[in-house]
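Working notes, beginning with the structure itself.
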Amino acid sequence: MIGDPDAPPKETLDPEILIWCETHNFILVTNNRKSMPKHLADHLAEGRHIPGIFIIDPSKNIGEILTELIIIAGASFVNEYQDRFEYLPLSK
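Start counting the sequence shown at 2; every next residue gets the next number (the numbering used here).
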């Protein structure tokens with residue numbers, strides 16, 4: 002989590018978070034629906050990669066989000082979400 006030890010500090014800019022996720026092979030889970038897709042496009046245009054981004058619906062509660070992430074983790078292939086983003090929940 003941003004701000005935790007060994008993670009980027011709070012207030013880190015989105016492009017820097019994407020680089021950190023790429024370097025550390027972390028999928029990003031964020032509620033940033035407004036600018037993160039643009040930042041990802043810029044990141045990829047620079048020849049960079051990312052394991053994936055899940056953009057959550059901020060109106061959903063943490064239990065719904067965690068359930069969705071657990072299902073995704075159990076049903077996904079390695080690198081299935083590389084260089085792309087998905088809006089959660091996947092099903093409405």
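Cβ atoms here follow ideal geometry from the backbone N, Cα and C, with glycine treated the same way.
Contact set for residue i: own chain, Cβ-Cβ below 7 Å, skip 5 residues either direction
i	result
residue 66	57 and 89
residue 50	23, 83 and 84
Short Cβ contact (8 Å threshold) for residue i with residue j
i	j	result
residue 45	residue 84	yes
residue 41	residue 69	no
residue 59	residue 32	yes
residue 7	residue 36	no
For residue i, the first and last residue of its enclosing alpha helix (DSSP H)
i	result
residue 87	Careful: residue 87 lies outside any alpha helix (DSSP H), inside the beta strand (DSSP E) at 86-89.
residue 25	15-25
residue 38	37-46
residue 69	63-76
Residues that residue i bridges to, as DSSP identifies them
i	result
residue 55	30 and 87
Other residues of its chain near residue i: CB distance less than 6 Å, five sequence neighbours each side excluded
i	result
residue 87	55
Neighbourhood of residue i by C-beta, 8 Å cutoff - its chain only, sequence neighbours within 5 removed
i	result
residue 18	3, 9 and 29
residue 80	52
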